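J.: Counting from 1, position 81 in the sequence shown corresponds to residue 81 in UniProt numbering; the numbering is continuous, with no gaps. A virtual CB, placed ideally from N, CA and C, is assigned to each residue, including glycine. Every value quoted in this text rests on a predicted model; they were computed, and no experiment measured them.
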Amino acid sequence: MNLPISTNSGAFLSHTLKQMSDEWLVLAAKDGDVNAFVELRDRHSPRILSTAYRITRNWEDAEDALQDTFLKVFVHLNRFEGRSSFSTWVTKIVINTSLMILRKKRANKELSIDASGDDFISDDRRELPDCRETPERGYVRHERSELLRKAIRRLPPVLRGALELQQAQEYSIQEIGNSLGISSAAAKSRLLRAKVRLQTLLQNKT
């Protein structure tokens, strides 16, 4: 079975992607089709944002969780082996991401959820990389990571610095603000702008 034939027409391509199932879109995205990834992101974002809000009870935190979730999905898509649906896998990631945001906000206060429950599973690491990964898939995964790193390097320094502190150093919003000499609100705004710009850069790399 073959994927739908691509075309140079943007409108036709967009229509074709919208008709594809998540399974086909995942396969295409794993093979380096950024348009397929963008369709997956757009298709699932409303539900993922709603899930994040139910956990954080704060729309700004929910937006942060949404952005972080799809950055993780972009980088680690090859970890998705299809044992569950793509929707379930992304839900696990956004739950884990939302809880991490709460943990950082509440400092040392531990949060936990029942990993055996059907609705909330705290650890997305159950979807581990396939040890039988083909050289072709390994190459695509490497290219995806390189694409992300190059996009980050293209960010304005003022945005890149905030994003790198969060992604590489795992700093909290307050720690980022302290490191950059700005308020927590300014740090949060800077991070959101960085993530929006980053997704735009990635989307245009087609």
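(1) Rounded to whole angstroms, what's the CA-CA distance from L25 to S85? Just pull it up for me.
(2) In whole angstroms, what is the alpha-carbon distance linking L201 and D42?
(3) Can you have a look at W89 and say buried or exposed, based on whether 16 or more other CB atoms are within 10 angstroms of its CB?
(4) Buried or exposed: S50, going by 16 or more other Cβ atoms within 10 Å of its Cβ?
(5) Run through DSSP, which three-state label would E81 get?
(6) Restricting to Cα atoms, I'd like to know which of D33, L40, T97, G82 is closest to Y53.
(7) Tell me, to the nearest whole angstrom, how far the beta carbon of Q203 is from that of V94; I am working on the premise that it is less than 8 Å.
(8) What three-state label does DSSP hand N96 in the structure shown?
(9) Assuming I176 is part of the alpha helix (DSSP H), what are its boundary residues?
(10) Just the C-alpha distance for R106 and Q199, rounded to the nearest angstrom, thanks.
(11) If you check the beta carbons only, do L165 and S179 fall under 7 Å apart?
(12) Reducing DSSP to helix, strand and coil, say where P157 ends up.
(13) So, for I101: in the same chain, excluding its five sequence neighbours on each side, which residues have a beta-carbon less than 7 Å away from its beta-carbon?
(14) Which first and last residues belong to the alpha helix (DSSP H) in which N58 is found?
(15) Below 7 Å CB to CB, which residues in the same chain sit around F37 once its five sequence neighbours on both sides are set aside?
(16) Mind checking whether R197 and L155 have CB atoms under 7 Å apart?
T.: Working from what's here:
(1) 12 Å
(2) 16 Å
(3) buried
(4) exposed
(5) coil
(6) T97
(7) At roughly 20 Å, the Cβ-Cβ gap does not stay under 8 Å, so Q203 and V94 are not in contact.
(8) helix
(9) 173-180
(10) 28 Å
(11) yes
(12) helix
(13) T56, D61, D64, A65
(14) Run containing N58: none; DSSP gives neither H nor E here.
(15) A29, F74
(16) yes
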